[in-house]
Amino acid sequence: MKLANSELREELAGQYVLGTLRGRARDRFEVYLRQDEDLQRRVAAWEERLQPMLDDVSPVRPGPEVWRDLVRRLGFEAAGQSAAPRWWAWRPVFGVLAVVLVVGGLSLREPVRQNLLFMPDINVTFVDEARGPLWRIEADSVNNRVEITVLDEVALDADRAMELWLLRDAGQAPVSLGLMPLNRGAVQSFRAAAQLSLGTGLAVSLEPAGGSPTGLPTGPVLYAQQLSS
Amino acid sequence: MDENERIEALLARVALRDRAAFRELYDATAAHLLGVAVRILRSRAQAEEALQDAFVQIWQNAATYRAERARGNTWMNSIVRYRALDLLRRQSRELPLDEQAVAQWPDEGQRPDGGAEPRLEPCLEELGEQQRACVTLAFVEGYSHQELSTRMDTPLGTIKSWVRRGLDRLRECLER
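What follows is the structure, given as structure tokens:
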């Protein structure tokens, strides 16, 4: 399957969405699709174009066992339970990008700090499975200050940013703590916009440049860590 | 807030692992999505399997959903359709399919309207009858080229060119 030709790309995208691209050709197309943004755009456009044909499909109400089995498959404790969101239960979405490791609690290796305005009682290191430690985040929940140290250069497209969130108790939306610095060795120190002592976790999401336009995470959560109180 | 905005707001909450929002999303969309899967799979049991698989994906991938790239209901419809098409490969469905369901679609005067987006329908209208039948049977009922060829009693090569031209003309019309 040669995909250099724009007409062919358009046709394959259309036939993929229509469903007439079948068998191994469909499998191969899906492999391309995963990494090819141009194809993704074409497929999304076709989905949008053809979608209205489904508007009048007669609904069929699923039996109650469908939801019950679904809940079991997803490992929810019980159907109907846990009505409140559990911000701390964020899971990294992309297996490859994911995985977090943490050094929690007070860091004993750090020399005693002279600055009485910054006595961190939170110390989290976000570690990428593939790349190793990326950031150390120290925070002083009494003085409400945060210090982020970039341990390894984080390469990111110019139209993207990483945003740090403070997760709070069930039912409360996370609060943005600002954008993550990306240059190796950079240290960013700032006053938190939310009461750190009320935080139950920290998370980093992938966002458009400048940060989430909505005030809530809009992109995948790449790193997350619960804070013990 | 229209239905799609509501779905997108729910998806944003599902992305944050909000189970109550997930339940709400399921209640709001499952019957329509199961209807979509039934049209392709012609089996309630298989369609329910596709629906369940789709909701597992929706739960797992909600954080990758981008409202600026796709409407929420389009995104969900697509997940269900692709899953149903995957399951279709496991069964070799016999033609004729469910003739009663097929009869509802897409004969003259029985094309989608009502809730449908105003733009697609006139464009479907512009296609010749055969091209229109190919496109709608493939998209809504999951017909393969081969199945279209059998049902329309037309050589495979002709069917393929109807499908291709049908898609081309639809796009041209929608981009006018």
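So the sequences go chain by chain: X and L. Using our numbering, you'd call the opening residue of the first sequence number 103 and step up by one each time. Using our numbering, you'd call the opening residue of the second sequence number 1217 and step up by one each time. In this text, a Cβ means the ideal position worked out from N, Cα and C, and glycines have one as well. Small disclaimer: the values here were computed from a predicted structure and weren't measured.
Query, Result
"L:Leu1250: contacting residues in chain X (beta-carbon distance under 9 Å)", "Pro161, Val162, Arg163, Pro164, Val168"
"Residue-level contact to chain X via CB, L:Trp1275, 8 Å cutoff", "yes"
"Amino acids of chain L, ordered along the chain, whose beta-carbon sits closer than 7 Å to that of X:Asp171", "Gln1268"
"C-beta neighbour in chain L for X:Glu249, strict 8 Å", "no"
"Backbone secondary structure at X:Phe67 - three-state DSSP", "An answer regarding residue 67 of chain X cannot be provided, because it is not within the stretch 103 to 331 covered by chain X."
"Own chain partners of X:Leu152 with C-beta closer than 8 Å, once the 5 adjacent residues on each side are dropped", "Val119, Leu120"
"Within chain X, the residues that L:Leu1386 reaches when beta carbons sit closer than 9 Å", "Gly116, Arg151, Leu152"
"Element boundaries [beta strand (DSSP E), containing X:Leu281]", "277-281"
"Beta-carbon spacing of L:Leu1227, X:Pro164 below 8 Å", "no"
"Contact with chain X by L:Gly1358, beta-carbon distance below 8 Å", "yes"
"When X:Thr227, X:Pro166, X:Val289, X:Asp158 are compared against L:Glu1357, the one with the closest alpha-carbon", "X:Asp158"
"Whole-Å CB distance - L:Leu1343 paired with L:Ala1354, under 8 Å assumed", "At roughly 13 Å, the Cβ-Cβ gap does not stay under 8 Å, so L:Leu1343 and L:Ala1354 are not in contact."
"6 Å CB neighbourhood of X:Val288 in its chain, flanking five on each side removed", "With the sequence shown as reference, residue 288 of chain X is identified as Ala, and Val is not the correct amino acid for it. Excluding positions up to five away in sequence, the list reads Val252."
"CA-to-CA distance, L:Ala1246 to X:Ala181, given in whole angstroms", "Reliability of the predicted coordinates at X:Ala181 is poor, the pLDDT of 39 falling under 50, and no value is obtained from them."
"Contact check, L:Arg1299 vs L:Ala1266, beta carbons under 8 Å", "yes"
"Neighbour-count burial assignment, X:Gly317, 16 or more Cβ in a 10 Å radius", "exposed"
"Interface flag, X:Phe220 vs chain L, CB-CB below 8 Å", "no"
"Chain-ordered neighbours of X:Arg174 on chain L, where CB pairs are closer than 8 Å", "By Cβ distance, chain L contributes nothing, its closest Cβ being about 10 Å from X:Arg174, past 8 Å."
"Rounded straight-line distance, which links the Cα of L:Gly1382 to that of X:Gly312", "42 Å"
"Beta-carbon proximity of L:Val1296 to L:Ala1261, cut-off 8 Å", "no"
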